[in-house]
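Residues in the sequence shown are numbered consecutively from 1, following this note's numbering.
Just so it is clear, CB atoms sit at the ideal spot from N, CA and C, and this is done for glycine as well.
Just so we're clear, the structure is a prediction, and the values are computed from it rather than from any experiment.
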Amino acid sequence: MQDYIQFASKNGITLKDYGHCPFCGAETQRGIHECMEIFAFDFPHIDFSDPENHRYKFLIVDAHALQHPEIHGQWSNHFHLTRLHLMFVYKVGWTYALSPKLSDSLNRLKKHLPQALSAPPMGQRGHITTRTIIQSAREPQNCKHRIEVWGQEVYRVWKAHHGLAETIAQAFLNRKKGKNEE
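Take a look at the structure:
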């Protein structure tokens, strides 16, 4: 599995270890590296083993991935945007068991979808960043609220691709209902 530095290099991007994060604009001192460390922070005041809190883990992963698409695989944006679409538009209570089903639906549609999605401009992928979230990490309710707003904000800035997310979401929902999406 490639790490984020390898993905950036593959995408022709040299990562600097100083300044703000060039992707999300977070006011970091060590660029994306600090952003990744914050992302990996386990938010000890939120018990992610509790199924009631799984939603927040998915929102963190999706928002972070969509704010930093240059350091992920080419189909990552499709998956993360569609998962946000399903959670926000269709109110799907996401579980770990649903992620492979979404991946399967995406894989079945790949031949009909654009391989790369144009990301919003760097630094314009939402005002809330990992830095914002970490500042509220000690207060679980505030942190959960900020994570929710972060996910919604990132979802909105990817609005140019909401139609594509709807297509993938419909395939997923049809499979979930036992219908064939092809």
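> In whole angstroms, what separates the C-alpha of residue 182 from that of residue 88?
Replying inline: Annotation note: pLDDT 46 at residue 182 (below 50); position unreliable, coordinate value reported separately. Inter-residue distance for residue 182 and residue 88 is about 25 Å (C-alpha atoms, whole angstroms).
> Which first and last residues belong to the alpha helix (DSSP H) in which residue 62 is found?
Replying inline: 54-67 is the span of the alpha helix (DSSP H), which, as asked, contains residue 62.
> For the alpha helix (DSSP H) that residue 154 lies in, which residues bound it at each end?
Replying inline: Secondary structure note for residue 154: its alpha helix (DSSP H) is the uninterrupted segment 140-157.
>> Going by DSSP, what residue range makes up the alpha helix (DSSP H) through residue 20?
In response: Looking at the DSSP string, residue 20 is not in any alpha helix (DSSP H), and its letter there is neither H nor E.
> Count the other CB atoms within 10 Å of the CB of residue 142; is the residue buried (16 or more) or exposed (fewer)?
Replying inline: Per the 10 Å Cβ criterion, exposed.
> Is there contact between the segment 10-18 and the segment 111-123, where contact requires at least three CB pairs shorter than 8 Å?
Replying inline: Using a Cβ-Cβ distance cut-off of 8 Å, the segment 10-18 and the segment 111-123 are not in contact, since fewer than three pairs of beta carbons, one from each stretch, lie closer than that value.
> How is residue 83 classed by DSSP in three states: helix, strand or coil?
Replying inline: Here residue 83 carries a helix assignment [DSSP, helix/strand/coil].
>> With distance defined between alpha-carbon atoms, name the residue in 28, 21, 98, 32 nearest to residue 54.
In response: Checking every option, the nearest Cα to that of residue 54 belongs to 98.
> Since residue 27 and residue 131 are thought to touch, with beta carbons under 8 Å apart, how far apart are those beta carbons, to the nearest angstrom?
Replying inline: Confirmed, about 6 Å.
> Counting pairs of beta carbons, one from the segment 149-156 and one from the segment 68-76, are three or more of them closer than 8 Å?
Replying inline: Here the segment 149-156 does not lie against the segment 68-76, with fewer than 3 beta-carbon pairs under 8 Å apart.
> Thinking C-beta only, is residue 21 closer than 9 Å to residue 34?
Replying inline: Yes; because the gap between Cβ atoms is below 9 Å, this pair is in contact.
> How many Å lie between residue 48 and residue 57 at the Cα?
Replying inline: Cα to Cα, the separation comes out at about 7 Å.
>> Quick check: the Cα distance between residue 4 and residue 122, rounded to an integer number of angstroms?
In response: Straight through space, the alpha carbons of residue 122 and residue 4 are spaced by roughly 16 Å.
>> Could you compute how far the alpha carbon of residue 82 sits from the alpha carbon of residue 126?
In response: When rounded, the distance between both Cα atoms is 17 Å.
>> Using only CA atoms, which one of 172, 41, 147 lies nearest to residue 92?
In response: When only C-alpha atoms are compared, the closest one is 172.
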